[in-house]
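Colleague:
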Amino acid sequence: MPASNSLKAAEKQKICKKLVTELKKHYKGSPPKQERSVFETLLFSACLEDSSYEQAEAAHARLLDGFFDLNEIRVSSVLEIEEVLGDINDANWKALRIREVLQYVFETYYAFDIEVLKRKTQEAANKELMSISHLSTFMRDYTVQNALGAHVLPIDETMSHVLKWLALADPVDTEEQAADAIKAGLKKTEGQLFCYLLKCAATDPKLQPGFELYKEIDEEISPLDAGKRLAELIKNPVKRKPPKKPTTKVSKKKPAKKSSSRSAAAEKKTATKSSAKKVVKKKKPAKKKTTSKKKK
């Protein structure tokens, strides 16, 4: 597979344009409207990582409805938050990151508000966001892109699998490196739509099995064929193989030989008969001695 940085910016632009055109045929053409504050965007990004928009919206709603207020979430245990998030990917990690965000913002600003980041440079905003414990690169970039309007591409693990399968990133690239590999092919105004459509494909249950095979991609595949290959996968998705059932060897006991069982039964029968034949001999009474009378 050729290195992604060997492509020229013009080539990447053509590839991205074809991908967007193809993806628009199967998914909604525009991302959901973002009317959240910086803090709310950061909180929502934790739910969205490696999950679909529908799953994230549902988990975010359960989070806010499951507690009295944000402060109650902040002082709750990770397990309690995880249970409220419900059935969502990596719920334990999401719960930990949500609580860390709440702790940092409250302890720093004594309120759940970080609109101050809008008045900072992108570098300063990134630096402060990364000072939050356990904050992921996706959460930082999603917040910076959607709440601060910066030209970054929030790419999570599932989205990076798509880029690697399309030969637009190397199999060993991190999520951040995969984002940098394609960034030159998108304008600032195109980044949000591209990431939205890419996430729709990455979280599509029908396409996920195909994208997970990114490590098996032939080295001769050209990233210039990304649009064509994506269209083919959508038309003929790879079916997920069912997990193999564990085979356990059951050691069968050999049946006892008939001859031995018969001999054992015969011995038992003989012993029973011999015991029955035993008779307790009674002692014979002693003979009375006859005394002869003496002659007078």
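Read in order, the letters of the sequence shown correspond to residues 1347 to 1642 in the numbering used here.
Cβ coordinates follow ideal geometry from the N, Cα and C atoms, glycine included.
Since this is a predicted model, take the numbers as computed values, not measurements.
1) Cβ of Phe1390 within 9 Å of Cβ of His1406?
2) For Glu1562, count neighbouring Cβ atoms within 10 angstroms of its own Cβ and tell me buried if that reaches 16, exposed if not.
3) Measuring only the C-alpha atoms, how far is Leu1646 from Leu1409?
4) Less than 9 Å separating the beta-carbons of Ala1496 and Gln1523?
5) So, for Leu1365: in the same chain, excluding its five sequence neighbours on each side, which residues have a beta-carbon less than 7 Å away from its beta-carbon?
6) From this set, Ala1513, Glu1536, Arg1586 and Pro1378, which residue's C-alpha is nearest Leu1353's C-alpha?
7) For Leu1544, collect the residues of the same chain with a Cβ closer than 7 Å to its Cβ; drop the 5 residues on either side in sequence, then sort them by chain order.
8) Looking only at its chain, what residues have a beta carbon closer than 7 Å to the beta carbon of Lys1529, apart from the 5 residues adjacent to it on each side?
9) Going by alpha carbons, who is nearest to Asn1417 out of Val1447, Glu1578 and Lys1464?
10) Using C-beta distances below 8 Å, list every residue in its chain close to Lys1623, excluding the 5 sequence neighbours before and after it, in chain order.
11) Output needed for Leu1481: all residues of its chain with C-beta closer than 8 Å, excluding positions within five of it in sequence on either side, in chain order.
12) Tell me which residues share the same chain as Thr1387 and place their Cβ nearer than 6 Å to its Cβ, disregarding the 5 neighbours each side in the sequence.
13) Given this structure, state the Cα-to-Cα distance separating Lys1534 from Glu1395, to the nearest angstrom.
14) On a CA-only basis, which of Leu1425, Glu1368, Ala1355 and Glu1357 is nearest Ala1547? Give me that one, please.
15) Within its chain, find whatever has a CB closer than 8 Å to the CB of Phe1413; leave out the 5 residues flanking it on each side and keep chain order.
16) How is Pro1569 classed by DSSP in three states: helix, strand or coil?
Modeller: Let's see:
1) yes
2) exposed
3) Shown here, the chain extends from 1347 to 1642; a query on residue 1646 therefore has no answer.
4) no
5) Ala1572, Gly1573 and Leu1576
6) Ala1513
7) Met1505 and Val1508
8) Leu1499
9) Val1447
10) Because Lys1623 carries a pLDDT of 47, less than 50, the predicted location of this residue cannot be relied on, and no value is offered for it.
11) Arg1443, Glu1446, Val1447 and Leu1475
12) Thr1489, Asn1492 and Ala1493
13) 21 Å
14) Glu1368
15) Ile1419, Ser1422 and Val1430
16) helix
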